[in-house]
Amino acid sequence: MRLSRPALLAASVAPLALFGVLAVVLWAGLQHDPSTLPSVLIGKPVPAFDLGPVREGDRGFRRDDLGGKVTLVNVWGSWCGACKMEHPYLMQLASTGVPLYGVDWKDDPADGAKTLKLLGDPYQRVGNDQAGRLSLDLGVTGAPETFVVDRQGRIRYKQIGPITPEVWHDTLQPLIQRLEAGQ
Amino acid sequence: MTGRHRTRHRTLAGGCAALALLLAGGAARAVEPDEMLADPALEARAQHISKELRCVVCQNQNIDDSAAPLARDMRLMVRERLTAGDTDDQAKAFLVARYGNFVLLRPPFQPDTWALWLGPFAILAVAGTALVFAARTGSTDPAGDDETPDPYS
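Protein sequences, first through last, are from chains A and B.
Converting from the first sequence to the working numbering requires adding 876 to each position, the first position being numbered 1.
Converting from the second sequence to the working numbering requires adding 856 to each position, the first position being numbered 1.
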């Protein structure tokens, strides 16, 4: 069978073009980490909650503690290795006045308290979420996760994984400054 | 049949049995007895829903199969919603509102998933058209290739 010139050209170019398109699509797919799910709660208000204490003789952490200023809500647990890695940097942030709030997720409050005694306590308020109810309401998939909550008490960002100096300087700090400026 | 052959057959049979066991084991469920609802009808619905929800930690398992603590929380939540009188769709929507459509193992048909659902058919249509087109151009030259003889004839 004899093909016309354009048909021959199309027949030879089409597979190459198809390969090119597929290569780009699949390569883009490889750059995407499937374990970091985008939060569907961005822009939504933090749900109501009232968590029991982690620290001894404390009142815990509840919804009313948020709002009025931009805050960070950090989900952690004494069982969580990456949280321990993140902890020294949280201490550093807390010492510069960053308002950190803690949710001790799926953890025995005594274990959480022990960790805070051992590594230091960066939280203005911290509550225990052993049943995981609040964390489920927040769509938490793992620890650590940190939510940026604006002055109206709405979730504006979710950081999945530890807050590193890079994450802080590139993402969280600029966002907090923007939110504080009232944007 | 030599002894060696027999050994090999036995190994093969053993392998098949092991494979069968493995496949049967794949259907194991992670639901603990203390999670189950007393009402069998409600429990059956909960299990049906759980099979359609993705464990967001171990993403290729449904929450009915997954032993992850978060999957357990989600199973308990589904049961809590059903007990509270939710329909199956309402119970699923409850988790979708928190984790997004990603928790649904069967994605919904909506604008941002059109490509996903219709893509294969579109590709099939394009390929089919190309095939028909190629066959037609070929048939316009029924004499076939006269100049170069078929090397296999």
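Ideal placement from N, C-alpha and C gives every residue a C-beta, glycine not left out.
Just so it is clear, the structure is predicted and the values come from calculations on it, not from any experiment.
Practice item. Indicate whether the contact test is met: 3 or more Cβ pairs, each with one atom in the region 943-956 of chain A and one in the region 1026-1037 of chain A, closer than 8 Å. Key: Short answer: they touch.
Review point. Going straight from the alpha carbon of Asp920/B to that of Ile1039/A, what length do you get?
Key: 32 Å
Practice item. Would you mind sorting Arg954/B into buried or exposed? The rule is 16 or more other CB atoms within 10 Å of its CB. Key: It is buried - the Cβ of Arg954/B has at least 16 other Cβ atoms within 10 Å.
**Study point:** Distance between Leu992/A and Leu974/B (C-alpha atoms, nearest Å)
**Key:** 52 Å
Review point. Taking C-alpha atoms, which residue in Val916/A, Gly919/A, Gly1015/A lies nearest to Val951/A?
Key: Looking at the Cα atoms, Gly1015/A is the closest of the given residues.
Exercise for review: Say whether chain B places a C-beta atom closer than 8 Å to the C-beta of Val916/A.
Suggested key: yes
Practice item. Please report how far the alpha carbon of Ala986/B lies from the alpha carbon of Ser888/A, in whole angstroms. Key: 13 Å
**Study point:** Pairwise C-alpha distance: Glu1021/A and Thr912/A
**Key:** Looking at the two C-alpha atoms, the distance is approximately 10 Å.
**Study point:** Below-8 Å beta-carbon distance, Thr1114/A vs any chain B residue
**Key:** Any question about residue 1114/A goes unanswered here, given that chain A covers just 877 to 1059.
Check your understanding: If you check the beta carbons only, do Arg962/B and Glu908/B fall under 8 Å apart?
Key -> yes
Practice item. Pull up the distance between the alpha-carbon of Ala923/B and that of Val988/B, whole angstroms please. Key: 51 Å
Review point. What is the rounded straight-line gap between the Cα of Lys948/B and the Cα of Ala902/B?
Key: Using only the alpha carbons, I get a separation of about 10 Å.
Check your understanding: Would you report the Cα separation of Pro967/B and Gly956/B, rounded to the nearest angstrom?
Key -> Those two C-alpha atoms are separated by around 15 Å.
Review point. Can you give, in chain order, each stretch of the beta strand (DSSP E) that sits fully within the region 939-975 of chain A and has at least 3 residues?
Key: If we require 3 residues or more, the beta strand (DSSP E) runs fully inside the region 939-975 of chain A come out as 947-952.
Point to revise | Arg1009/A (DSSP reduced to helix, strand or coil) | key: helix
Exercise for review: State the Cα-Cα distance for the pair Glu1042/A and Gln1049/A, rounded to the nearest angstrom.
Suggested key: For Glu1042/A and Gln1049/A, the distance between alpha carbons rounds to 10 Å.
Check your understanding: Smallest Cα separation from Arg939/A: which of Pro891/A, Tyr999/A, Gly1003/A?
Key -> Ranking the options by Cα distance to Arg939/A, first place goes to Gly1003/A.
Point to revise | 8 Å contact criterion, which His848/A and Leu1012/A should meet: CB distance rounded | key: A question about residue 848/A goes unanswered here, because the residues of chain A that appear run from 877 up to 1059.
Review point. With Gln946/B and Arg935/B assumed to form a contact (beta carbons below 8 Å), what rounded beta-carbon distance in angstroms separates them?
Key: About 13 Å separates the two Cβ atoms, so there is no contact after all.
**Study point:** Element boundaries [beta strand (DSSP E), containing Trp929/A]
**Key:** Per the sequence shown, residue 929/A should be read as Pro rather than Trp. Its beta strand (DSSP E) spans residues 926-929.
Check your understanding: Along chain D, which residues have their Cβ under 9 Å away from the Cβ of Pro925/B?
Key -> Of the protein chains in this structure, namely A and B, none is chain D.
Point to revise | Residue from Pro975/A, Val974/A, Asp1005/A, Leu894/A whose Cα sits closest to the Cα of Gly988/A | key: Asp1005/A
Review point. Counting only beta-carbon atoms, is Asp1026/A nearer than 8 Å to chain B?
Key: no
Exercise for review: Keeping to the same chain, check which residues put their C-beta closer than 7 Å to that of Glu1056/A; ignore five residues upstream and five downstream.
Suggested key: Val946
Exercise for review: Return the residues of the region 904-919 of chain B that lie within a Cβ-Cβ distance of less than 9 Å from chain A, sorted by chain order.
Suggested key: Val912, Val913, Gln915
Practice item. Could you tell me whether the Cβ atoms of Leu948/A and Val974/A are closer together than 8 Å? Key: yes
Exercise for review: Residues of the region 928-941 of chain B with a CB closer than 8 Å to any CB of chain A: list them in chain order, please.
Suggested key: Answer set for the region 928-941 of chain B: Asp929, Met930, Met933.
Review point. Whole-angstrom Cβ separation of Trp981/A and Ala1019/A, contact assumed at under 8 Å?
Key: Sure, about 6 Å apart at Cβ, within 8 Å.
Review point. Which runs of the beta strand (DSSP E), 3 residues or longer, sit entirely within the region 959-997 of chain B?
Key: Segments of the beta strand (DSSP E) lying fully in the region 959-997 of chain B: there are none.
Practice item. Drop a sphere of 10 angstroms on the beta-carbon of Val897/A, count the other beta-carbons inside from all chains shown, and report buried for 16 or more, exposed for fewer. Key: exposed
Point to revise | Inter-residue spacing [alpha-carbon to alpha-carbon] between Ile1064/A and Thr939/B | key: With chain A represented from 877 up to 1059, any question about residue 1064/A goes unanswered, as that position is not in the structure.
Point to revise | Trp903/A to Phe895/A span [Cα, whole Å] | key: Trp903/A and Phe895/A: Cα-Cα distance of roughly 12 Å.
Check your understanding: Which one or two residues does DSSP pair with Glu1042/A in a beta bridge?
Key -> DSSP lists no partner for Glu1042/A.
Check your understanding: Checking contacts by CB at 8 Å: is Ala958/A closer than that to chain B?
Key -> no
Review point. By the 10 Å Cβ neighbour count, where 16 or more other Cβ atoms means buried, how is Val982/B classified, buried or exposed?
Key: exposed
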